[in-house]
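Counting from 1, position 137 in the sequence shown corresponds to residue 137 in the UniProt record's numbering; the numbering is continuous, with no gaps.
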Amino acid sequence: MRCDTILDAIGNTPLVRLNRLTEPTDAAVWVKLECLTPGGSVKARPALGMIRAALRSGALTADGTIVEATSGNLGIALAMIGSALGIRVQIMIDPRTPAPSARTIAAYGATPILVEESDEHGKYQIPRIQAAEAVGRTVAGAYVPNQWDNPDNPAAHREAASEIVDDLDGDVDAIVCATSSCGQLTGIGRWIRRVRPDCLMVAVDGRGSAAIGGPLGQHLLVGLGSAFTPGNFDPATVDEAYWCGDAEAFGTCRLLASNEGMLLGGSSGAAVFVALAVARRLGRHHNVVAVAPDGGDRYLDTIYDDTWIRDHDLTLASTVAQLRERLADYSPFPGDQLKPWRHYPASPEP
């Protein structure tokens, strides 16, 4: 494939079948490896979509500055796109942002800005957003994409949905998406509703996340969930939702690496864990897709480090048999909890 710029290479990621984590009685589980795109994550799609839309509308100009808050992956994608387009980029990160992600943002020539203030729940997301809004008001020509409430975010994921359907010749029975800005979940869900209305759309949220109805709490997963319900979230696109804990996600990551040759991040582990549960329930002659948002190379010092796992008192499934035991009683959370919890508060006006 020849590309005039790196941006032309975004998307068209492979769909790879799991062979050793499933049983013969399970549905086939396919993993869409969004880590194998420029920028290394699913966030390349919405980053490009939002920036191109902003350039078309005039909200962003070639001499402007992109300013956004992110736990890492969107910041990397925006930094890469800014480099390719010659546009300045400033990214608000926090102490939980993986160090390799912060270094990657800087390597692309963008400016990572550390926001160390947390909210009353000990979370950094809302202070990061408020910091980005404040910078956006003071920097001339600044454009703040606000990935959590930007229609160009979900719109950018329609291509991923089309790729999934094409790769499986239309024979897709369930798609599992992790929550964050909910752009991927909503964008894929809306497109699938039109072409395969009988396909189950399954949301995965982290325990301790409030993205789609859960109570706020502490969790170690980076890039999964949200401290509030994003404006992008469309409950009408979701048939089932699961909470996934740190141990389940991280254990799945490590088993994917040691059994399937896939080195993936925590949100990817969560999506695959839930996909395995859905595949177990649907049974043979069905296809379940897990969208894997990012790779595991940024998490070698955490998810894949035995000392870090012990220090956080996590007990992981270390064999496929142990993983299957954890899947046995795993089920969706009640549908009446699938609702917005709260939106983030706007920054005070200057």
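Note that the Cβ used here is the ideal one computed from N, Cα and C, for glycine as well.
Just so we're clear, the structure is a prediction, and the values are computed from it rather than from any experiment.
>> Would valine 67 and glycine 109 qualify as a contact pair, given that the criterion is a beta-carbon distance under 8 Å?
In response: Cβ distance not < 8 Å, so valine 67 and glycine 109 don't count as in contact.
> So the beta strand (DSSP E) threonine 186 belongs to, where does it begin and stop?
Replying inline: For threonine 186, no beta strand (DSSP E) run applies; the uninterrupted alpha helix (DSSP H) run containing it begins and ends at 183 to 195, by DSSP.
> According to DSSP, which residues form a beta bridge with methionine 92?
Replying inline: BP columns for methionine 92 point to Ala69 and Ile113.
> Grouping DSSP H, G and I as helix and E and B as strand, with all else coil, what is glycine 64?
Replying inline: Coil at glycine 64, not helix or strand.
> Would the beta-carbon of alanine 69 fall within 8 Å of that of arginine 17?
Replying inline: No, the pair does not count as a contact, with Cβ atoms beyond the cut-off.
> Is threonine 138 buried or exposed, if buried means 16 or more other CB atoms sit within 10 Å of its CB?
Replying inline: With fewer than 16 other Cβ atoms inside 10 Å of its own Cβ, threonine 138 counts as exposed.
> Do you know how far the Cα of leucine 316 is from the Cα of arginine 254?
Replying inline: Using only the alpha carbons, I get a separation of about 9 Å.
> Going by Cα to Cα distance, which pick from Leu55, Val291 and Asp8 is closest to isoleucine 87?
Replying inline: Between isoleucine 87 and the set Leu55, Val291 and Asp8, the nearest pair of CA atoms involves Leu55.
> In the segment 145 to 175, which residue ranges form an unbroken alpha helix (DSSP H) of at least 4 residues, counting only runs that do not cross its ends?
Replying inline: Along the length of the segment 145 to 175, whole alpha helix (DSSP H) runs at least 4 residues long occupy 152 to 156 and 158 to 167, reported in chain order.
> What residues are listed by DSSP as bridge partners for glutamate 240?
Replying inline: Per DSSP, Val202.
> Per DSSP, what kind of secondary structure is arginine 17 in: helix, strand or coil?
Replying inline: Looking at arginine 17 - three-state DSSP - the assignment turns out to be strand.
> Nearest CA to the CA of aspartate 63: which residue from Asp173, Gly82, Gly208 and Arg45?
Replying inline: Shortest Cα-Cα distance from aspartate 63 to any of Asp173, Gly82, Gly208 and Arg45 involves Gly82.
> Where do the N-terminal and C-terminal ends of the beta strand (DSSP E) with leucine 48 fall, by residue?
Replying inline: Note, leucine 48: premise wrong, no beta strand (DSSP E); alpha helix (DSSP H) at 44 to 57.
> When DSSP labels each residue in this structure, what does tyrosine 124 get in the three-state scheme?
Replying inline: Shown here, tyrosine 124 sits in coil according to DSSP, grouped into three states, outside any helix or strand.
>> Per DSSP, what are the beta-bridge partners of leucine 264 in this structure?
In response: Gly295.
> For the alpha helix (DSSP H) that contains leucine 323, what are its first and last residues?
Replying inline: Leucine 323: member of the alpha helix (DSSP H) spanning 320 to 327, first to last residue.
> Quick check: the segment 189 to 198 against the segment 241 to 261, are there 3 or more CB pairs under 8 Å?
Replying inline: The answer is no - the segment 241 to 261 does not touch the segment 189 to 198, with fewer than three Cβ pairs under 8 Å.
> With contact counted as at least three CB pairs below 8 Å, one residue from each stretch, are the segment 22 to 34 and the segment 160 to 173 in contact?
Replying inline: Touching, per the Cβ criterion.
> Using a Cβ-Cβ cut-off of 7 Å (strictly less than) and excluding sequence neighbours within five positions of glycine 296, which residues of its own chain qualify?
Replying inline: Hits under 7 Å: Cys253, Ala257, Leu263, Leu264, Gly265, Ile303 and Tyr304.
> Taking the runs of the alpha helix (DSSP H) that are 4 residues or longer, which of them lie wholly in the segment 206 to 231?
Replying inline: DSSP runs (the alpha helix (DSSP H)) wholly in the segment 206 to 231: none.
> Can you name, in chain order, every residue of its own chain whose Cβ lies under 6 Å from the Cβ of leucine 15, other than the five neighbours on each side?
Replying inline: Closer than 6 Å at Cβ, skipping near neighbours: Trp30, Lys32 and Asp167.
>> Could you tell me the alpha carbon to alpha carbon distance between alanine 271 and cysteine 177, rounded to whole angstroms?
In response: Each residue's alpha carbon lies about 6 Å from the other.
> Near leucine 7, what residues of its chain come up, given a Cβ to Cβ distance below 7 Å and the 5 sequence neighbours on each side ignored?
Replying inline: Same-chain partners within the cutoff: Leu48, Ile81 and Ala84.
> Mapping DSSP to helix, strand and coil, what is serine 258?
Replying inline: In the structure shown, serine 258 sits in a helix (DSSP, three-state: H, G or I).
> Roughly how many angstroms lie between the CA atoms of valine 320 and glutamate 120, to the nearest whole one?
Replying inline: Spanning the two alpha carbons is a distance of roughly 39 Å.
> In or out: residue 370 buried (at least 16 other Cβ within 10 Å) or exposed?
Replying inline: It is not possible to answer for residue 370, since the shown part of the chain is limited to 1 through 350.
> Distance, Cα to Cα, arginine 207 vs histidine 312?
Replying inline: C-alpha separation (whole angstroms): 16 Å.
>> So, with DSSP's three-state summary, where would you put cysteine 177?
In response: Here DSSP, grouped into helix, strand and coil, assigns cysteine 177 to strand.
>> Counting C-beta neighbours from all protein chains within 10 Å, is the total for arginine 225 16 or more, i.e. buried, or is it exposed?
In response: In the sequence under discussion, the amino acid at residue 225 is glycine, which differs from the arginine named in the question. Taking a 10 Å sphere around the C-beta of glycine 225, we find 16 or more other C-beta atoms and assign the residue as buried.
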